[in-house]
Each structure stands twice: as C-alpha cells, then as structure tokens.
Amino acid sequence: MVRLPTARKIVDLGGLRVLLDKYRSEGRTIVFTNGCFDILHAGHVDYLERAADLGDVLVVGLNSDRSVRSIKGPSRPVVPQEQRARVLAALACVDAVVCFDEPDPLQLILEVRPDALVKGADWPLDRIIGRNEVESHGGRVERIPLIETVSTSSIIEKIRGLPVS
0 MVRLPTARKI
10 VDLGGLRVLL
20 DKYRSEGRTI
30 VFTNGCFDIL
40 HAGHVDYLER
50 AADLGDVLVV
60 GLNSDRSVRS
70 IKGPSRPVVP
80 QEQRARVLAA
90 LACVDAVVCF
100 DEPDPLQLIL
110 EVRPDALVKG
120 ADWPLDRIIG
130 RNEVESHGGR
140 VERIPLIETV
150 STSSIIEKIR
160 GLPVS
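Following numbering that gives the first Met the number 0, the numbering of the sequence shown begins with 0 at its first residue and continues without gaps.
As structure tokens, this is what we get:
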C-alpha cells in the first residue's frame, strides 16, 4: 500500500470523508482509535502499530488542545495539537489524523463508521464510547494491552523532577 506524505495525512472532516470513500471503494478495512497523544512515547507507538495490524487503514482521532484541557486540566496538553498531529502522521502505521474538539469521539466515530474500533485494555468494554454504534453496523471493538511502565503523565512527572540547567 502506498503511504501518503506526512502533511497529507492530517485531514479535516471533509478530507477524511474523501479518503474513507476511496479506501472503502478499494475494499479496505477501516480501523479507528483516538486519544490525546501528548508527548508521544514508545507505548503510544506500540499501541498504534498493534491497532494498524487489525485492518488495512488506521484513522486516528486526535483530541484538540481545547478537548485535552477539558479532560486533563489547564496545564495540558504540553505539545500543541498541530505538532501532535504532525508526529502522529509521521508514523508509518497511521494513515490519517483528524482533530476533534468534543470531549469524546462519538460524533467522529459515527462519521468514520469503522470496521474496528480500538481502545486500550484499560478501558472496560462497557465504557468504550462508540461501541454500540460500531457493533450495530457489524463492526467490532478491540482492546489492546498497554505497556504499563510508560505514560505521558509519568514522563511529565519525571521532567518536573529534573533540575533546570
């Protein structure tokens, strides 16, 4: 499969619709996941690579800066959304990145109508937003085990503890 250049992988909703129509017409399986992805780390990369392995095309819904602040608090995100989107789009396993402002991804999931909705195994199945909607059109929900020793919050705490030079 030919991969798009990084900048072309970052799309708005209209651009995403065009890509999804193309991928579906080619019979490709669409996988969707979402997150804040603030300070991208090895745990994120492992998660995204494993999500991509569940289909042909991986679409990542990225919480906007406003959305991250509403979820994580006023000091987050550390990395602005344009930069977070660019880093995600640079990953070979990611086919499209689309930002969303809402506190949860339900509207985006309804728009994408993925064949597979992926979340980390830390999410109980009955709390996964979009599960019912995805399963109602024949899609599936997958939970991926996380690398327990790596998190953005732990990285931030470590940085806070370092002396400033």
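Every residue gets a Cβ at the ideal spot worked out from N, C-alpha and C, and that includes glycine. Predicted model only: the values in this text are computed from it and were never measured.
Could you name the residues that DSSP lists as bridge partners for residue i?
{"i": "I9", "result": "V96"}
{"i": "R142", "result": "K118"}
{"i": "F31", "result": "V58 and L116"}
Taking the C-alpha atoms as reference points, what is the distance between residue i and residue j?
{"i": "S135", "j": "S74", "result": "38 Å"}
{"i": "E132", "j": "R7", "result": "28 Å"}
{"i": "Q80", "j": "D37", "result": "8 Å"}
{"i": "D55", "j": "D114", "result": "10 Å"}
{"i": "D11", "j": "I143", "result": "27 Å"}
{"i": "D64", "j": "L53", "result": "28 Å"}
{"i": "K118", "j": "R23", "result": "22 Å"}
{"i": "D103", "j": "R27", "result": "26 Å"}
Between which two residues does the alpha helix (DSSP H) containing residue i stretch?
{"i": "K127", "result": "As written in the sequence, residue 127 is Ile, which differs from the Lys given in the question. Looking at the DSSP string, I127 is not in any alpha helix (DSSP H), and its letter there is neither H nor E."}
{"i": "A50", "result": "A41 to A51"}
{"i": "R85", "result": "Q80 to A88"}
{"i": "I38", "result": "Premise fails: I38 is in no alpha helix (DSSP H) and is neither H nor E."}
Assuming the contact rule is C-beta atoms closer than 8 Å, residue i and residue j should be a hit. Round their C-beta distance to whole Å, please.
{"i": "L145", "j": "A120", "result": "6 Å"}
{"i": "L116", "j": "R130", "result": "7 Å"}
{"i": "E141", "j": "C92", "result": "That pair is no contact at about 15 Å."}
The beta strand (DSSP E) that contains residue i, what's its start and end?
{"i": "V59", "result": "V56 to N62"}
Quick one: is residue i buried, meaning 16 or more other Cβ sit within 10 Å of its Cβ, or exposed?
{"i": "K21", "result": "exposed"}
{"i": "R16", "result": "exposed"}
{"i": "S66", "result": "buried"}
{"i": "G13", "result": "exposed"}
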